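Quick note, the sequences are listed as chains V and Y, same order. Numbered per our numbering, the first sequence spans residues 635 to 793. Numbered per our numbering, the second sequence spans residues 390 to 763. All residues carry an ideal CB built from backbone N, CA and C; glycine is no exception. Owing to the predicted nature of the structure, the values given are computational and were not obtained by experimental measurement.
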Amino acid sequence: MRSIINYLKEIILGVWSLLKGMKVTGSYFFRPSTIVTQKYPSNRKDLVMFDRFKGEVVMPHNEKNEHKCTGCGICELNCPNGTIEVISKTIISEDGKKKRAIDKHIYRLGMCTFCALCVKTCPSNALAFSQKFEHAVFNRALLIKTLNKPGSQLMKGVE
Amino acid sequence: MEEEVKNITPDERQEYVINMGPQHPSTHGVLRLVVSLKGEIVKNIEPHIGYIHRGIEKMCESITYPQIIHLTDRMDYLSAHINNEAVCLNVEKALEVDIPDRIKVIRTIMSELTRIQSHQLWWASFGMDLGGLTCFFYGLRDREKILDIFEETCGGRMLVSYNCPGGVMYDIHPNFQKRVKDFIKYFRKILPEYDQLLSGNVIFHERSKGIGKLSLEDAISYGVTGPTGRASGFSCDVRKHEPYSAYDRITFKEILHTEGDTYSRYIARIDEMWESMNIIEQLIDNIPEGPFAVKMKPIIKLPEGEYYQRVETARGELGVYIISDGNKNPYRVKFRSPNFVNLSVFNHIVKGFKIADLVAIGGSLDLVIPDIDR
Ligand code: SF4
Ligand code: SF4
């Protein structure tokens, strides 16, 4: 007798525990405000990423097409996997002295691990992260970028 | 041909060997298990690892100390922050730098957030392994809130790379404290829902109670740590026994259970989430003022010698062992990864159970494969 009662009790408690779980899922059905799904990509226009989000490394230029990179090569040294290659050239500055300047700052997005060491260690703060995250391209060669824009120059006052 | 068949003893004929993985959804990564079955009973399993071996330890020998940190992210990607911290603590210990309180507190809060999000993902996938797909959605929904906190402060979601020798990369974001408090408020309400959904479920009880028992003696002799070890009563919490960062100034319980079965491993992790929330609450309102990083030399060279530091990741004890010959690169780096050791006990506890229990036990060990292979 006792075992039958226990058996029935177990069944009832078991069903009760299942109902309790279903109550949780059921309650969400009536609370559409709790939905967190974002409708990407149709919400692309008003999708704002956090400012610190590490999307890709960029070199900000001002409106006069000037950047802050002096071509010192510290970012290249600090990059753990050879993502960055700094090709520098020698130029003659206004007062007739020879100076090192950047020719090409090559950044291979496909290799970057977003460790932020280059951005952190650049002595003149020439690098930054952009929030762009849609990097898919059809050709791998497009992932090799030159960060300094064509015809750009060193900003005045940056040594 | 016929003769060959005759020569097989009945015993051999009954043992059936199948391959589980490396692409199996419930191995949570590229782990391959060669499972010998007799009927439905598991006789033996043989883990084959190495499918995601990247040679991280060897790579560490050719790069500098700050560069090692981003590689440790990629070992146990669910405890990325804690792995980073282990290397930084070791380097700081070797250089004998004093770390200001602010950094210690920030690191501790981040570590505990990492622990919670790791357990959330574990809960989600464990529920899914046992057939409750709802758990997966709920777990990931709540984890997203922590990932947002990480993204806002560290810039990365999983692979945060937030620590650097001497401190952290950036100061905490102005919204950080508010967001963390909001999360704790929210999650204290949600965690009981996890219990209603899965912990109390009768089907779940049947599938987890008494399954895959690991005794205290075995836990100690295999060196199983983390919630898996503590569910067997092995007091192995590094945060308690060898406090690092800010763990010495807060009060928290070490979660200990004695049964050692799948269910108590489950409950241990749920309890740890509560405990982590307690730890964060004690610290979040009094983050001391100060710098967020100590100025270090541009090229860090450790003095000659051997250094070891252990920390408690979400899965157990991680040890970082560095031998330095005085150069800017380490001579040798060795990681004692918790998952590798926890995997070793798998065969021992799964013997004699059904093949469906194999999935449940594997899920309760909470293995992260990239950490095993490194
Ligand atoms: S980006 Fe910065 S670190 Fe790199 S070469 Fe230019 S100035 Fe030097
Ligand atoms: S973020 Fe790291 S990996 Fe990427 S370019 Fe900078 S230093 Fe190299």
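With 8 Å set as the bound, which would you pick, yes or no: does the beta-carbon of residue i sit closer than that to a beta-carbon of chain Y?
i	result
C746 of chain V	no
G648 of chain V	yes
C749 of chain V	yes
V691 of chain V	no
S651 of chain V	yes
Can you determine whether any heavy atom of ligand 2 sits closer than 7 Å to the C-beta of residue i, and answer yes or no?
i	result
V720 of chain V	no
P714 of chain V	yes
L751 of chain V	yes
V734 of chain Y	no
C746 of chain V	yes
V771 of chain V	no
V757 of chain Y	no
V692 of chain V	no
Y741 of chain V	yes
T453 of chain Y	no
T717 of chain V	yes
Could you confirm whether any beta carbon from chain V is found closer than 8 Å to the beta carbon of residue i?
i	result
L426 of chain Y	no
H459 of chain Y	yes
P455 of chain Y	yes
R491 of chain Y	no
T523 of chain Y	yes
E643 of chain Y	no
E664 of chain Y	no
E446 of chain Y	no
E404 of chain Y	no
M390 of chain Y	Its pLDDT being 47, under 50, M390 of chain Y is placed unreliably in this model, and the value from its coordinates should be taken loosely. Not an interface residue.
E541 of chain Y	yes
Since residue i meets chain V, which of its residues come closer than 7 Å, beta carbon to beta carbon?
i	result
Q412 of chain Y	Per Cβ cutoff of 7 Å: no residues; Q412 of chain Y is ~23 Å from chain V at best.
Confirm the yes/no value for this check: CB of residue i, any heavy atom of ligand 1, distance under 7 Å.
i	result
P757 of chain V	yes
T497 of chain Y	no
C703 of chain V	yes
L548 of chain Y	no
I736 of chain V	yes
A703 of chain Y	no
G528 of chain Y	no
C706 of chain V	yes
L761 of chain V	yes
C709 of chain V	yes
Go through its chain and collect everything with a Cβ distance to residue i's Cβ below 7 Å, but skip five positions before and after it.
i	result
V480 of chain Y	Y454, P554, I689, L691
L743 of chain V	E690, H769, L777, K779
L645 of chain Y	R619, G622, S624
M390 of chain Y	With a pLDDT of only 47 at M390 of chain Y, under 50, the local geometry of the prediction cannot be trusted, and no value is derived from it.
G830 of chain V	A question about residue 830 of chain V goes unanswered here, because the residues of chain V that appear run from 635 up to 793.
I579 of chain Y	D531
If you drop the 5 nearest sequence neighbours on each side, which residues of the same chain put their C-beta closer than 8 Å to that of residue i?
i	result
Q672 of chain V	L681
K732 of chain V	T724, I725, I726
E582 of chain Y	Y527
For a contact meaning CB atoms closer than 7 Å, what does residue i contact in chain Y?
i	result
K654 of chain V	Q585, G589
F763 of chain V	G544
K754 of chain V	M558
Who are the neighbours of residue i on chain Y, taking C-beta pairs under 9 Å?
i	result
P784 of chain V	Ordered by position in chain Y, no residue passes the 9 Å Cβ test against P784 of chain V, which lies about 29 Å from the chain.
At a CB-CB cut-off below 9 Å, which residues of chain V make contact with residue i?
i	result
I452 of chain Y	P714, N715
S726 of chain Y	Under the 9 Å cutoff, chain V gives no residues; its nearest Cβ is about 20 Å from S726 of chain Y.
S550 of chain Y	K688, T747, F748, C749, A750, L751
E481 of chain Y	Within 9 Å Cβ-Cβ: nothing; E481 of chain Y doesn't reach chain V, min ~18 Å.
Excluding the 5 residues preceding and the 5 following residue i in the sequence, name in chain order all residues of the same chain whose CB lies nearer than 6 Å to its CB.
i	result
H442 of chain Y	D762
R628 of chain Y	Y636, E701
R636 of chain V	none
C713 of chain V	C752
R496 of chain Y	E474, S634
G418 of chain Y	I758
V613 of chain Y	N731, V734
D518 of chain Y	S415, V748, G752
K534 of chain Y	F572
Given that residue i touches chain A, what residues does it touch there, using C-beta distances under 7 Å?
i	result
S722 of chain V	In summary, chain A is missing from the structure at hand, where the protein chains are V and Y.
In chain Y, which residues lie with their C-beta within 8 Å of the C-beta of residue i?
i	result
V658 of chain V	E582, Q585, L586
V682 of chain V	The premise fails here: V682 of chain V is roughly 12 Å from chain Y at the closest Cβ pair, so nothing lies under 8 Å.
V670 of chain V	R530, E533
If the cut is a Cβ gap below 8 Å, which residues of chain V does residue i touch?
i	result
Y559 of chain Y	R686
- Task: Write down every uninterrupted run of the alpha helix (DSSP H) in the stretch 468-502 of chain Y whose length is 4 residues or greater and which is fully enclosed by it, in chain order.
- Result: 469-484
- Task: Write down every uninterrupted run of the beta strand (DSSP E) in the stretch 747-782 of chain V whose length is 3 residues or greater and which is fully enclosed by it, in chain order.
- Result: 762-764, 778-780
- Unbroken alpha helix (DSSP H) runs of length 4 or more, entirely within the stretch 688-744 of chain Y: which are they? 727-733, 735-739
- 3-residue-minimum beta strand (DSSP E) runs that sit fully inside the stretch 537-563 of chain Y, ordered along the chain: none
- Message: Just to confirm the assignment: which complete alpha helix (DSSP H) runs, minimum length 4, are found wholly within the stretch 573-644 of chain Y?
- Response: 591-597, 605-611, 615-619, 627-630
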